[in-house]
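Participant:
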Amino acid sequence: MIILTKKKWEKIREEVGLTDLRFHDLRKTFGSLLAQNGIFTAITQKLLEHSSPNLTNKEYTNVDPVLRHAIEQLPVGDWLRRSSSPRRAALLADFAHKLLTM
Numbered sequence: 004m005i006i007l008t009k010k011k012w013e014k015i016r017e018e019v020g021l022t023d024l025r026f027h028d029l030r031k032t033f034g035s036l037l038a039q040n041g042i043f044t045a046i047t048q049k050l051l052e053h054s055s056p057n058l059t060n061k062e063y064t065n066v067d068p069v070l071r072h073a074i075e076q077l078p079v080g081d082w083l084r085r086s087s088s089p090r091r092a093a094l095l096a097d098f099a100h101k102l103l104t105m
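Here the working numbering is used: position 19 in the sequence shown is 22, and no number is missing along the way.
What follows is the structure, encoded as C-alpha cells:
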C-alpha cells in the first residue's frame with residue numbers, strides 16, 4: 004500500500020513541473036479509463052470506494068455501451084496530439100513513474 008502524504012504529493016508535483024495537478028484529477032482519470040474499457044460499474048465502484056453504483060454511474064456516464072461507441076468515433080487521440088505539448092506529456096510520464104516508484 005502506498006501512503007501518499009500531502010508533502011510527498013507536493014514534492015513530486017513540483018519535481019516534474021505539474022504543480023496544478025490535483026490528486027482528484029488522477030482519480031477521475033482512473034475511473035474514466037475503467038469505464039471506457041468496459042469494466043463493470045460494481046468493480047469501478049469498489050475500486051473508487053463509492054458508496055453506491057448510482058454514484059459511480061453518475062460520475063462516469065460513459066459506461067453505457069452506446070455512448071462508449073459514440074465516443075470511440077471521435078478523433079480524441081488526434082485532438083490530444085495537437086493540443087498537448089510533448090513537454091507536458093513527458094512531465095506526466097515522469098510524474099507517473101515517480102508516483103509508482105516512491
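We put the beta carbon where it would ideally sit given N, CA and C, even for glycine.
Since we're looking at a predicted model, the values are computed, not measured.
Taking the alpha helix (DSSP H) that Arg16 falls in, what are its first and last residues?
Facilitator: For the purposes of this step, residue 16 is taken as the residue at position 13 of the sequence shown. Taken as a continuous stretch (DSSP letters only), the alpha helix (DSSP H) holding Arg16 covers Lys9 to Val19.
Participant: For Gln48 versus Thr59, is the C-beta distance shorter than 8 Å?
Facilitator: Residue numbering aside, residue 48 sits at position 45 when the sequence shown is read from its first letter. Residue numbering aside, residue 59 sits at position 56 when the sequence shown is read from its first letter. Contact flag set, yes.
Participant: Out of curiosity, what's the CA-to-CA distance linking Phe43 and His27?
Facilitator: As a first step, residue 43 must be located in the sequence shown, where it is residue number 40. As a first step, residue 27 must be located in the sequence shown, where it is residue number 24. Taking the straight line from one Cα to the other gives about 21 Å.
Participant: Residue ranges of each alpha helix (DSSP H) run of no fewer than 4 residues wholly in the stretch 28–62, ordered along the chain?
Facilitator: Fully enclosed alpha helix (DSSP H) runs of 4 or longer: 44–51 and 56–62.
Participant: Do you know how far the Cα of Asn57 is from the Cα of Ala38?
Facilitator: As a first step, residue 38 is located in the sequence shown; it is residue number 35 there, counting from the start. As a first step, residue 57 is located in the sequence shown; it is residue number 54 there, counting from the start. C-alpha separation (whole angstroms): 14 Å.
Participant: Alpha carbons only, please: which of Gly20, Leu50 and Val19 is nearest the one belonging to Gly34?
Facilitator: Position 31 of the sequence shown, counted from the start, is the residue given in the question as residue 34. Of Gly20, Leu50 and Val19, the residue nearest in Cα terms is Leu50.
Participant: Is the beta carbon of Arg1 less than 8 Å from the beta carbon of Thr22?
Facilitator: Residue coverage of the chain in this structure runs from 4 to 105, which leaves residue 1 outside it and unanswerable.
Participant: Excluding sequence positions up to five away, which residues of its chain have a Cβ less than 7 Å from the Cβ of Glu62?
Facilitator: Position 59 of the sequence shown, counting from 1, holds the residue named residue 62. The answer, listed in chain order, is Gly34.
Participant: Grouping DSSP H, G and I as helix and E and B as strand, with all else coil, what is Arg25?
Facilitator: If you number the sequence shown from 1, residue 25 lands on position 22. The answer is coil: DSSP assigns Arg25 none of H, G, I, E or B.
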